[in-house]
Amino acid sequence: DDMENVHKKLRSFLPAHVSLNGCVSAREALQMCQERVYRVVVVDLVIPDVNSVALMNQLRALQPHAVMVALALRSAGEAAGDVKSQGFSDVLYKPFEVAAVDDFLSKHFEVDDVLSIDGNVLACAAFSGKEDKLDRYFTRLRTLCHESLEKLASACYDDTIFDLSAIPLRNDKIVRLLMDSDKEAKKLGIAMRLVGTPEVKKVLGAVMETSTMPFYASRADAQNA
């Protein structure tokens with residue numbers, strides 16, 4: 025946002041553990057996104073002499089794993105659907121309201137622990153929220169899987185163990201996650217072995233694309249394979 029007061033105001037709504045870097049120009053935003061990694065990038069829809077959608081696409085190229093959020097004036101009547109059709113994932117309205125910022129935070133910042141990484145072992149955390157947060161859990165899990173596989177490739181691992189023992193049993197979501205992660209792993213030259221419960225094995229066995237993935241009952245079995 026080109027007005028520093030907006031950055032200040034938003035920062036006042038954020039908890040201490042969430043950091044915020046404010047930029048007042050497109051050039052500054054592009055430079056910042058070249059130097060750091062961000063979870064969320066918020067772009068004002070009205071910046072003098074700047075096409076916000078074009079800027080957002082440039083920032084997305086630099087921050088492929090970040091969520092792109094539009095910042096809109098509440099009175100401008102920008103509907104979330106219209107904003108999403110322009111390529112943004114979400115919209116945050118100003119003037120800021122406590123409830124709206126809390127919802128924004130719960131969407132994008134409170135699911136850190138859905139995936140842990142230890143050496144070359146990735147492990148899903150159990151889901152403990154309400155049913156309506158399940159989509160967010162799987163969306164975040166997919167993003168973290170991609171990021172973690174890239175980290176493993178950077179560290180020269182050529183295989184990984186993906187522990188699904190605690191994953192919530194949602195058949196279509198598990199299958200989609202695994203197909204997506206397997207595709208990403210193959211692209212990076214990483215072989216993936218799965219660990220999980222008999223129930224997870226049954227879910228994967230019912231779909232042709234996931235039925236042939238190497239599956240083990242324990243991490244020890246997968247490590248010894």
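Numbering (the working numbering), first residue to last: 25 to 249.
All residues carry an ideal CB built from backbone N, CA and C; glycine is no exception.
Alpha-carbon spacing of residue 127 relative to residue 178, whole angstroms: Put simply, the backbone Cα of residue 127 is about 34 Å away from that of residue 178.
Which word fits residue 210, buried or exposed, when buried means at least 16 other C-beta atoms lie within 10 angstroms of its C-beta? By the beta-carbon neighbour count (other beta carbons within 10 angstroms, threshold 16), residue 210 is exposed.
Candidates 176, 186, 197: which alpha carbon is nearest residue 239's? For residue 239, the closest alpha carbon among the candidates 176, 186, 197 is that of 186.
Measure from the C-beta of residue 233 to each C-beta in chain D and report whether the shortest distance is under 7 Å. Although the question refers to chain D, the structure presented lacks it and comprises just one protein chain.
Would you mind giving the Cβ-Cβ distance between residue 111 and residue 77, rounded to the nearest angstrom? I have them listed as a contact below 8 Å. Between residue 77 and residue 111 the Cβ distance is about 6 Å, and since that is below 8 Å, they are a contact.
Contacts around residue 221, its chain only, beta-carbon distance under 7 Å, and the 5 residues preceding and following it disregarded: Excluding residues up to 5 positions away in sequence, 189 lie with their Cβ nearer than 7 Å to the Cβ of residue 221 in the same chain.
Top-ranked residue by Cα proximity to residue 250, from 50, 64, 52: No answer is possible for residue 250: the residues shown for the chain start at 25 and end at 249.
Just checking my contact of residue 139 with residue 97 at CB under 8 Å: how many whole Å lie between their CB atoms? Wrong, their Cβ atoms sit about 36 Å apart, outside the cutoff.
Mind checking whether residue 73 and residue 95 have CB atoms under 7 Å apart? No; because the gap between Cβ atoms is not below 7 Å, this pair is not in contact.
Member of 214, 50, 180, 35 whose CA lies at the smallest distance from the CA of residue 121: Ranking 214, 50, 180, 35 by Cα distance to residue 121 puts 35 first.
Cα-Cα separation, residue 192 to residue 38: So the alpha carbons of these two residues sit roughly 30 Å apart.
Would you decide whether residue 225 is buried or exposed? Buried here means 16 or more other CB atoms lie within 10 Å of its CB. Answer is buried; the Cβ neighbour count reaches 16.
Quick check on this structure: which residue in 200, 172, 181, 142 has the alpha carbon closest to the alpha carbon of residue 159? Nearest C-alpha to residue 159 among 200, 172, 181, 142: 200.
Kindly identify the DSSP beta-bridge partner or partners of residue 148. Bridge partners of residue 148: 139.
Any idea what DSSP makes of residue 217, helix, strand or coil? If DSSP states are grouped into helix, strand and coil, residue 217 belongs with the strands.
Taking the Cβ atom as the reference point for each residue, do residue 48 and residue 66 lie within a distance shorter than 7 Å? No.
Unbroken alpha helix (DSSP H) run spanning residue 224, endpoints: Residue range 222-229 is occupied by the alpha helix (DSSP H) that includes residue 224.
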